[in-house]
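In our numbering, the protein residues as written are -9 to 392. Backbone N, C-alpha and C fix where the C-beta goes; we use that ideal spot for every residue, glycine too. Notes to accompany the following structure.
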Ligand code: KDG
Ligand code: MG
């Protein structure tokens, strides 16, 4: 069996997605996600212009060799565009391989280690009351874990909070929106949210929070300490992680569990974080982390250092990534939790899938492959629209991390 055809689709059913379709000479089809929020066309070109000509004619069973070929063979390693493109090829090949063997993907990754994949979803509100009501809705639906983000008094907008009642989706058409930020106002307000949530819901539901890269390590240490009485499942991205040693500083000051990694693209972004046990959950995913092939190795390395997985699952990772992640999550020993945001109805139609939610857990489904399809005809009705994530400025105008 050989890869006979490779096609890249860029569509916007609710938001932009880049999808790779590989077809074999005996008619099997595999799908991979290649979406990089705000930089979609760069990955589409990297795939079509540079990677796919080398994929035609290859044996889809050779996932390890093909991954090494597109990683080492480029000479220029790493980086989000490269790794997202490589992931699309890797996932599409694993999909074909599992379909050829007529088995769900998880059986090729070690089989089921658990009966379901615990997921968390996103509750947000403009103030504490609205956020608490949003958390209540998820708990009523059976979620065991909920991420809570709330508006901060004095700031017109903040990460994770919709300006209106619609679902939160940060990428917008047009040039990047500019947001205003104050670390001081944020740090004073967030503990009040979790005090309120624990008073209303008790300590049974897992509660998570994303600081979205905005604090310095010592500020993060302070916030972690202030949040300790509320026993968070994790505090995510407290500080940017280019300097891995920053997490060593945070760790000295708080026992609040730490999660990081949604913007990492290789083990070299986190090897010290893991080796030094400075983090508890690794947020890398099978898309921006370069595919299933490297993520199996990274998860095994993390497992040896008491670090669990906590895969990124925002709406800018397509249902193909969601489905693949669930196969990975159900198999990998040191699984922690999986993020699951709800997709727009148009996205759900374009990507029919087998996975389902039941009682706080997701299930990847039992069909062969990763269980996610792609409706090309429908996708063609939603052409690409350039969109950007926001940028963030401090109150005095200094550009800051969004
Ligand atoms: O593209 C950026 C989003 O994926 C990111 O802002 C979502 O932080 C995020 C999360 O935790 O889901
Ligand atoms: Mg995040």
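**Asked** Which of the three DSSP states, helix, strand or coil, is assigned to residue 121?
**Response** helix
**Prompt:** When you compare only the Cα positions, how much space is there between residue 126 and residue 184?
**Reply:** 13 Å
**Message:** Using the three-state DSSP reduction, which class does residue 332 fall into: helix, strand or coil?
**Reply:** coil
**Message:** the ligand MG and residue 252: does any heavy atom of the ligand fall closer than 6 Å to the residue's C-beta?
**Reply:** yes
**Message:** Considering only heavy atoms of the ligand KDG, does any lie closer than 6 Å to the CB of residue 200?
**Reply:** yes
**Request:** Indicate whether the contact test is met: 3 or more Cβ pairs, each with one atom in the stretch 52 to 70 and one in the stretch 240 to 258, closer than 8 Å.
**Result:** yes
**Request:** Answer with buried or exposed for residue 201, where buried requires no fewer than 16 other C-beta atoms within 10 angstroms of its C-beta.
**Result:** buried
**Message:** Quick check on DSSP: helix, strand or coil for residue 87?
**Reply:** helix
**Prompt:** Are residue 236 and residue 229 close, meaning C-beta to C-beta below 7 Å?
**Reply:** yes
**Prompt:** Can you tell me the Cα-Cα spacing of residue 326 and residue 387, whole angstroms?
**Reply:** 38 Å
**Asked** Thinking just about the alpha-carbon of each residue, which of 17, 270, 8, 10 is nearest to the one in residue -6?
**Response** 17
**Prompt:** Leaving out five residues before and five after residue 29 in sequence, what residues of the same chain have Cβ atoms less than 7 Å from its Cβ?
**Reply:** 71
**Prompt:** Just to check, is the beta-carbon of residue 255 closer than 6 Å to a non-hydrogen atom of the ligand MG?
**Reply:** no
**Request:** Can you tell me which of 79, 213, 249, 161 puts its alpha carbon nearest to the alpha carbon of residue 306?
**Result:** 161
**Item:** Residue span of the alpha helix (DSSP H) that contains residue 226, given as start and end
**Value:** Segment 224 to 226 is the beta strand (DSSP E) holding residue 226; no alpha helix (DSSP H) there.
**Message:** For residue 108, list the residues DSSP reports as bridge partners.
**Reply:** 351
**Prompt:** Smallest Cα separation from residue 158: which of 336, 191, 111, 11?
**Reply:** 111
**Request:** Quick one: measure Cβ to Cβ for residue 365 and residue 340, integer angstroms, because I've assumed they're closer than 8 Å.
**Result:** 5 Å
**Item:** Contacts around residue 13, its chain only, beta-carbon distance under 6 Å, and the 5 residues preceding and following it disregarded
**Value:** -6, -5, 19
**Prompt:** Can you tell me whether residue 43 is buried or exposed, with buried defined as 16 or more other CB within 10 angstroms of its CB?
**Reply:** exposed
**Item:** Any non-hydrogen atom of the ligand MG closer than 6 Å to residue 159 Cβ
**Value:** no
**Prompt:** Would residue 193 be called buried (16 or more neighbouring beta carbons within 10 Å of its own) or exposed?
**Reply:** exposed
**Message:** Is any non-hydrogen atom of the ligand ADP found closer than 6 Å to the C-beta of residue 304, if you look at the structure I gave you?
**Reply:** No copy of the ligand ADP occurs in the structure displayed; its ligands are the ligand KDG and the ligand MG alone.
**Prompt:** Considering only residues of the same chain and omitting the five flanking positions on each side of residue 263, which have a CB-CB separation below 6 Å?
**Reply:** 234, 237, 269
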